[in-house]
Amino acid sequence: MTPVIKDIREVTDSKEVYESKPHPFLTIFIYIILVSMILAGIWMYFGEIDIVSKGRGVVRPNENVSMIRNKVQGEIASCDLEEGKNVKKGDILFTIAHDDLEIKRLQAEEVFKDTEKRLSLLKKFKSSIEQDINLFSQDTEIEYYQRYVKYKQDYMSLSNNVNIENKTDEIATTQTKFSKEGYQEKVNEYENSYEQLKQYKQSIEKGQNIFKDKQCTYALDFNNYLIKINQLERNIVDKQFTYNLNSELKENDLVAEKEYEASKEALELAENELIQLKTATLKSVQDEIKQIESNKKLAEQEMNKLIIDDGLIQTNVEQRELALKKYKTDALVEIYNQIEEQEALYQSQKRELESTQLAIANCTIKSPIDGTIHITQEVSTGDLIASGTDIATIIPINDTMYKIEIFMPNSEIAGLKIGDQIKYKFDALPYKEYGQLEGAIGNISSDAKVSDAQGISGYIVEGSISNETVYSYKNEPAEIKIGMTCEAHVITERKKILFYLLEKINLMD
């Protein structure tokens, strides 16, 4: 190779530099920068950045989580609790030994059934009396069957006696009624005759007819007396008519013997009036007046006696009927009192049995919902646990134990929707050591409220949380607790980094 020889005047610094070869490091550095810029461009084009809305949150218990709490003190007989195990509603989690309660339940059931049967029989006995029919079976309910038969026999015996006595009184009352009517008719006849005889006497004394009823028997007698023979014959005809009428009434027992004799005597007096005339007639009238007065008085006395007897008979009938009703009522009252006593005993024994059954049911702890077991206190078969001890929680599937209640300011609420992803940074758990937890929006309040702490208006956003236990980079666990505060970042949008930078320098809308 032949070297190139140049004139010294043709050689300059720029030309020397231009024609000289660059240092290899510079070339490599330039390529690195170019490659880095290309890679950065590609990363910014394909890479995305999260656009977030920030709010403050606080941990709250999830209402859907069911707490498993022991209700009775005792020894665990069986235990099927496992952390993270999925269970169905009604699955048995653990049981408490309750042999003594089972014995008590059997005894209570036996006593309760006996009381229930006795109460049912008493109610049937009451219905039998009310319906007047034996509702009991002679084969299976012999005791109460015979009890009703005894009641019915006593009742029928009393009823028969009442009927006999009432029938006797009824006959006596009927007889009394007829007798009373007969006496009343006699009294009316006596009063009528008495008035006519008084007029008759006055007519004889005055010698003229002063009868109000000119057609009465005594007026006719007086006319016969005045016209002597002719009038006497007419008077005899009238007396004969009266006599015949009384004879017919006598045959039917409708007139007293004395009245019959009086009519016969009147006829004989009429026949002898020709001789006796005024003296005999006047004496006869006076005697008849006295007799009628006496008869009327006796008839009134007998009639008054019959009125008293009639009232007494009616009183006796009512008393006997009342006694019969009272017998049935007393029997029902006695049964009713027995039923009330058995009802009280029945309810008391029922409550005792239900209490025992409830205590037994409380010894078997079941899952109230479908979900996953989260044990809060480790227990095993044979452990003695107190009542009211919180053993575990059942977290519904696809649900968590806690929720985050986030206050989102008005300026951050736009674009938030249910289902948006949330990232939590807890104040009590340093981000650099424990990282962040994730969740999603479950609910957004429909109206804004003013935060007392921050003094600004905003909305309440309810967020879920993926897990309740976090681990540090040293693998140390930390539990999320109710009341912990955090900063919540809700991812509302994802943008390419390139477009985001261009928007920031106003090169892109």
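Position 63 of the sequence shown, counting from 1, maps to 687 under this note's numbering, and the rest follow consecutively. Think of the CB as a built atom: it goes at the ideal place given N, C-alpha and C, for glycine as much as any other residue.
- [ ] Examine the Cβ distances between the segment 934-953 and the segment 785-797 and report whether three or more of them are shorter than 8 Å.
- [x] Contact between the segment 934-953 and the segment 785-797 is present, with at least three C-beta pairs closer than 8 Å.
Task: Distance, F802 Cα to V879 Cα - done: Taking the sequence shown and counting its residues from 1, the one referred to as residue 879 is at position 255. Taking the sequence shown and counting its residues from 1, the one referred to as residue 802 is at position 178. One C-alpha to the other measures close to 14 Å.
Task: Option nearest E1086 by Cα separation, candidates E1100, Y1048, S1096 - done: For the purposes of this step, residue 1086 is taken as residue 462 along the sequence shown, with counting starting at 1. Just measuring C-alpha positions, the residue of E1100, Y1048, S1096 sitting nearest E1086 is Y1048.
TODO: Give the secondary structure of G1006 by DSSP, where H, G and I count as helix, E and B as strand, and everything else as coil.
DONE: As a position in the sequence shown, residue 1006 is number 382, starting the count at 1. In the three-state DSSP reduction, G1006 falls in the coil class, being neither helix nor strand.
Open item on the list: Y807 and Y824 - do their beta-carbons sit closer together than 8 Å?
Closed with: Translated into the one-based positions of the sequence shown, residue 824 becomes position 200. Translated into the one-based positions of the sequence shown, residue 807 becomes position 183. Cβ distance not < 8 Å, so Y824 and Y807 don't count as in contact.
Task: beta-carbon F865 near the ligand MG non-hydrogen atom, thresh 7 Å - done: Absence of the ligand MG is noted for the structure shown, with no ligands found whatsoever.
Open item on the list: Is the beta carbon of R680 closer than 8 Å to that of T1116?
Closed with: Here residue 1116 corresponds to residue number 492 of the sequence shown, with the count starting at 1. Here residue 680 corresponds to residue number 56 of the sequence shown, with the count starting at 1. Contact flag unset, no.
TODO: Give every residue of the same chain whose Cβ lies closer than 7 Å to the Cβ of M625, excluding the five residues on either side of it in the sequence, and list them in chain order.
DONE: For the purposes of this step, residue 625 is taken as the residue at position 1 of the sequence shown. Its pLDDT being 46, under 50, M625 is placed unreliably in this model, and the value from its coordinates should be taken loosely. Around M625: no qualifying Cβ.
TODO: Return the residue from the list L746, V735, A796, G1006 that minimises the CA-CA distance to V941.
DONE: Stepping through the sequence shown from its first residue, residue 941 is reached at position 317. Comparing Cα-Cα distances from V941 to each of L746, V735, A796, G1006, the minimum goes to A796.
Task: Beta carbon of E883 nearer than 8 Å to that of N870 - done: For the purposes of this step, residue 883 is identified with residue 259 of the sequence shown, where counting begins at 1. For the purposes of this step, residue 870 is identified with residue 246 of the sequence shown, where counting begins at 1. Taking the C-beta atoms as reference points, N870 is found nearer than 8 Å to E883.
Task: Residues near K709 in its chain [Cβ-Cβ closer than 6 Å; skip 5 each side] - done: Here the question's residue 709 lines up with position 85 in the sequence shown. The answer, listed in chain order, is I997.
Task: Contact the segment 722-735 vs the segment 1032-1040: 3+ CB pairs below 8 Å - done: Verdict: no, contact absent.
Task: Length-filtered (4 minimum) alpha helix (DSSP H) runs lying within the segment 708-781 - done: Runs of the alpha helix (DSSP H) inside the segment 708-781: 723-755.
Task: Cβ shell of R944 (< 7 Å), same chain only, five flanking positions each side left out - done: Looking up residue 944 in the sequence shown gives position 320. For R944, where only same-chain residues beyond five positions count, the Cβ hits under 7 Å are V786, E789, N790.
Open item on the list: Quick check on this structure: which residue in Q971, S1088, D845 has the alpha carbon closest to the alpha carbon of D1044?
Closed with: One-based indexing of the sequence shown puts residue 1044 at position 420. When only C-alpha atoms are compared, the closest one is S1088.
Task: Neighbourhood of N758 by C-beta distance below 8 Å, restricted to the same chain and skipping five residues each side - done: On the sequence shown, position 134 is the one that residue 758 refers to. If the five residues before and after N758 are omitted, its C-beta is found closer than 8 Å to the C-beta atoms of S752, Y769, Y772, V773, K776, all from its own chain and listed in chain order.
Task: Cβ-based burial, E765 [other Cβ within 10 Å; buried from 16] - done: Here residue 765 refers to the residue found at position 141 when the sequence shown is read from its first residue. Looking at its Cβ environment, which holds 16 or more other Cβ atoms inside 10 Å, E765 is buried.
Task: Where V689 falls: helix, strand or coil (DSSP) - done: For the purposes of this step, residue 689 is taken as the residue at position 65 of the sequence shown. Correct three-state label for V689: coil.
Open item on the list: Closest to D1071 by C-alpha separation, out of G1059, Q1078, I1084, I1106, would be which residue?
Closed with: Within the sequence shown, the letter at position 447 stands for residue 1071. Closest by alpha carbon: I1084.
- [ ] Report yes if the C-beta distance between A923 and V811 is below 8 Å; otherwise report no.
- [x] The residue you call residue 923 lines up with position 299 of the sequence shown. The residue you call residue 811 lines up with position 187 of the sequence shown. With respect to V811, A923 sits close: the two C-beta atoms are nearer than 8 Å.
TODO: Work out the CA separation of V711 and G995 for me, nearest whole Å.
DONE: Mapped onto the sequence shown, residue 995 falls at position 371. Mapped onto the sequence shown, residue 711 falls at position 87. Near 6 Å, if we compare the C-alpha coordinates of V711 and G995.
Task: Best match in K1041, E1057, P1054 for proximity to G1066 [C-alpha to C-alpha] - done: Taking the first residue of the sequence shown as 1, we reach residue 1066 at position 442. Nearest C-alpha to G1066 among K1041, E1057, P1054: K1041.
Task: 7 Å CB neighbourhood of A1010 in its chain, flanking five on each side removed - done: Against the sequence shown, residue 1010 aligns to sequence position 386. Excluding residues up to 5 positions away in sequence, Q697 lie with their Cβ nearer than 7 Å to the Cβ of A1010 in the same chain.
Task: Best match in D1076, S1090, N833, T903 for proximity to A1064 [C-alpha to C-alpha] - done: For the purposes of this step, residue 1064 is taken as residue 440 along the sequence shown, with counting starting at 1. The closest CA to that of A1064, considering only D1076, S1090, N833, T903, is found on S1090.
- [ ] Classify Q1001 as buried or exposed, calling it buried when 16 or more other Cβ atoms lie within 10 Å of its own Cβ.
- [x] The residue you call residue 1001 lines up with position 377 of the sequence shown. Of the residues assessed, Q1001 falls on the exposed side of the cut-off, its CB having fewer than 16 other CB atoms within 10 angstroms.
Task: Y1026 (DSSP reduced to helix, strand or coil) - done: Mapped onto the sequence shown, residue 1026 falls at position 402. Of the three classes helix, strand and coil, the one that applies to Y1026 here is strand, per DSSP.
Task: S827 (DSSP reduced to helix, strand or coil) - done: Translated into positions along the sequence shown, residue 827 becomes position 203. It is helical.
Task: Bounding residues of the beta strand (DSSP E) (the contiguous stretch that carries Y1048) - done: Taking the first residue of the sequence shown as 1, we reach residue 1048 at position 424. Where Y1048 is concerned, the enclosing beta strand (DSSP E) stretches over 1045-1050.
Task: Buried or exposed by the 16-neighbour rule on C-beta atoms within 10 Å, applied to T903 - done: As a first step, residue 903 must be located in the sequence shown, where it is residue number 279. Within 10 angstroms of the beta-carbon of T903 lie fewer than 16 other beta-carbons, which makes it exposed.
Open item on the list: Whole angstroms are fine: how far does the CA of R693 sit from the CA of G1059?
Closed with: Looking up residue 1059 in the sequence shown gives position 435. Looking up residue 693 in the sequence shown gives position 69. Straight through space, the alpha carbons of R693 and G1059 are spaced by roughly 33 Å.
Task: Residue interval of the alpha helix (DSSP H) (run including K990) - done: As a working note, residue 990 is residue 366 in the sequence shown. From DSSP, K990 is part of no alpha helix (DSSP H) but of the beta strand (DSSP E) over 988-990.
TODO: With N1034 as the anchor, note down where its alpha helix (DSSP H) starts and where it stops.
DONE: Within the sequence shown, residue 1034 is the residue found at index 410, counting from 1. Boundaries of the alpha helix (DSSP H) harbouring N1034: 1034-1037, taken from the DSSP string.
TODO: Check E1117 in the structure and name its three-state DSSP category.
DONE: Within the sequence shown, numbered from 1, the residue matching residue 1117 stands at position 493. DSSP places E1117 in strand when its eight states are reduced to three.
Open item on the list: Just verifying my parser: in three-state terms, what is the DSSP assignment at N812?
Closed with: The sequence position of residue 812 within the sequence shown is 188, counting from 1. Of the three classes helix, strand and coil, the one that applies to N812 here is helix, per DSSP.
Task: DSSP-derived helix/strand/coil call for P1020 - done: Stepping through the sequence shown from its first residue, residue 1020 is reached at position 396. Note: P1020 maps to coil in three-state DSSP.
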